[in-house]
């Protein structure tokens, strides 16, 4: 036999600096900090809109119609980004518009995520006829053009916030289902899952303890991306007048109104467009940053 | 000597994918109590299939056609899934090949080490935690508490393999299947890990089935070895004897293929063609004769 060195040297605990907690890692990521800061501001604006908005978003004043933003000739004090064709304060309307956008973003994306990822987990883990059934359903579902389907759905369900949310959930659960199914299938092949199964842990325990945590980073990234998508879809439906009634300010509705007077009062179009754009970018950046920070394999 | 702990008897298996191509050809081997038994062969020789058959995780495209895997007087192949689960983890444990994929990246080491102890040894959460720390100390990890609180990616490959070895031996199994446990590691770490497996095995009297493609590694840890080629046993015997005087040409070819520091330019040749031809003829003759049930 080979020469065995006596009492082998203790292994050096070469594990580097103490592990950073997930929270402290997130705080160090400028993307996450910036984007979540922006989303936080949006939430505050939505919740406290009536306190923050300088004017009543519905109050018309035809004597002050099409007033340009501050700094332009003809600007009126108190109307920071001007007024629209009916003399309503654009800033206040944009602030109140966050309410609908954020409600849709959180509720619709959350529900789509819940339904889609639950079905995806089941399909990916159980396989067999359950997988076949769910996967075929997703295939058929995705064959429908989404915008057409959502307009059709809202037309059938009737306009309103509930319908918009339902339409987004009904259409977009498939995004989650498909990705989570694939992720789950990959996880189910991993040695630690095979080992847990071999020594006899129950299926639900394996699914939620061994598999689910490894799927969460992807799930969160998808969820935040979906929030951005939901905001856009709501804006589209508002734009074509199928979202909430026109006495509630929405970004999509404002864009529709602004489009008609873009030559006389461009700010009526530009302000909600900028808000929409910034919100979608923030959600996307947040998703990207969170996925990076939460993914244990990428943690260094 | 008492009855062997693991007795594989004339195990044959075919691949369902390749039109019934044999994967194992009446393989017999036994692992005695406290013995480290090396299973050597090139890729595709059937080493892993044997290890997987013992663990009851044979891939769907492989079918065992005959033979038995005797463990503690029972044939593992005839156990129900439930009976097998009771044996695995408790009496038979695995040290896996790749420490990078054997640990769940999103769970801390303490959670993963205590799982088996709680399920298979019936320890409470607190007892299992204490036991896990003691086990890490036994595999010479200096700061067990810190390792227990770490995630796998915070540990080096060698550390992860130590954790896995601790987890496997910590269940106090009678048999450990070590499936190429050092293949994914640096050469310097390899040696420490081999030493560790040998030390733990001797201390606990565990039997080990040590699967490897590396004769050099097998020579360092194994008491006896089995050389496998295309699913057929080529040579079997005490490690020292086989390595000193290999009887089978294939074993000689394998030995010659081992790179050596003192002869850096030799040994990197593939198996000589005449040896391969002779091997193929031998396998073909075996397959022809195996149609009739053989005795002896």
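Protein chains in written order, with this note's numbering: chain A, 39 to 338; chain B, 4 to 299. Ideal Cβ positions, reconstructed from N, Cα and C, are used throughout, including at glycine.
Which residues DSSP lists as bridging residue i, in chain order
i             : result
residue 69/B  : 15/B
residue 40/B  : 212/B and 227/B
residue 24/B  : 18/B
residue 78/B  : 73/B
residue 241/B : 227/B
residue 121/A : 127/A
residue 232/B : 235/B
residue 178/B : 95/B and 210/B
residue 10/B  : 33/B and 73/B
Length of the line joining the Cα atoms of residue i and residue j
i             : j             : result
residue 79/A  : residue 168/A : 43 Å
residue 66/A  : residue 190/A : 45 Å
residue 252/B : residue 260/B : 12 Å
residue 35/B  : residue 258/A : 52 Å
residue 296/A : residue 146/A : 26 Å
residue 130/A : residue 159/A : 43 Å
residue 43/A  : residue 200/B : Its pLDDT being 41, under 50, residue 43/A is placed unreliably in this model, and the value from its coordinates should be taken loosely. Spanning the two alpha carbons is a distance of roughly 14 Å.
residue 49/A  : residue 162/B : Low per-residue confidence applies at residue 49/A: pLDDT is 47, beneath 50, and the placement is therefore not dependable, though the value from the model is reported in the following sentence. Each residue's Cα considered, the two are about 8 Å apart.
residue 166/B : residue 108/B : 14 Å
residue 153/A : residue 209/A : 11 Å
residue 58/B  : residue 155/B : 24 Å
residue 270/A : residue 92/B  : 52 Å
residue 279/B : residue 227/A : 35 Å
residue 233/B : residue 276/B : 16 Å
residue 84/A  : residue 62/B  : 55 Å
residue 140/B : residue 146/B : 8 Å
residue 216/B : residue 10/B  : 21 Å
residue 242/B : residue 70/A  : 59 Å
residue 192/B : residue 212/B : 20 Å
residue 239/A : residue 230/A : 12 Å
residue 290/B : residue 126/B : 50 Å
residue 274/B : residue 281/B : 11 Å
residue 64/A  : residue 323/A : 13 Å
residue 171/A : residue 216/A : 13 Å
residue 308/A : residue 328/A : 30 Å
residue 107/A : residue 91/A  : 16 Å
residue 114/A : residue 220/A : 57 Å
Closest residue to residue i among the options (Cα-Cα distance)
i             : options                       : result
residue 44/B  : 284/B, 231/B and 236/B        : 231/B
residue 14/B  : 78/B, 37/B and 36/B           : 78/B
residue 66/B  : 19/B, 59/B and 42/B           : 19/B
residue 178/A : 218/A, 248/A and 213/A        : 213/A
residue 222/B : 197/B, 143/B and 205/B        : 197/B
residue 134/B : 170/B, 23/B and 100/B         : 170/B
residue 206/A : 300/A, 143/A and 138/A        : 143/A
residue 42/B  : 276/B, 218/B and 275/B        : 218/B
residue 249/A : 262/A, 261/A, 264/A and 233/A : 233/A
residue 168/B : 149/B, 157/B, 130/B and 137/B : 137/B
residue 300/A : 82/A, 104/A and 281/A         : 104/A
residue 127/A : 73/A, 211/A and 287/A         : 287/A
residue 268/A : 184/A, 64/A and 180/A         : 184/A
residue 177/B : 69/B, 70/B and 94/B           : 94/B
residue 326/A : 285/A, 81/A and 266/A         : 266/A
residue 123/A : 196/A, 88/A, 155/A and 292/A  : 292/A
residue 110/B : 76/B, 131/B, 83/B and 153/B   : 153/B
residue 75/B  : 185/B, 229/B, 237/B and 6/B   : 6/B
residue 16/B  : 72/B, 122/B and 214/B         : 72/B
Residue i classed as buried or exposed, judged by whether at least 16 other C-beta atoms fall within 10 angstroms
i             : result
residue 115/B : buried
residue 139/A : buried
residue 298/A : exposed
residue 245/A : buried
residue 276/A : buried
residue 50/B  : buried
residue 100/A : exposed
residue 40/B  : buried
residue 356/A : Look at the range of chain A in this structure, 39 to 338, and you will see that residue 356/A is not part of it.
residue 28/B  : buried
residue 94/A  : exposed
residue 85/B  : exposed
residue 128/B : exposed
residue 264/A : buried
residue 22/B  : exposed
Inside the region 207 to 250 of chain A only - alpha helix (DSSP H) runs reaching at least 4 residues: 229 to 236
4-residue-minimum alpha helix (DSSP H) runs that sit fully inside the region 268 to 320 of chain A, ordered along the chain: 289 to 298
Unbroken stretches of the alpha helix (DSSP H), 4 residues or longer, contained in the region 138 to 165 of chain A: 147 to 164
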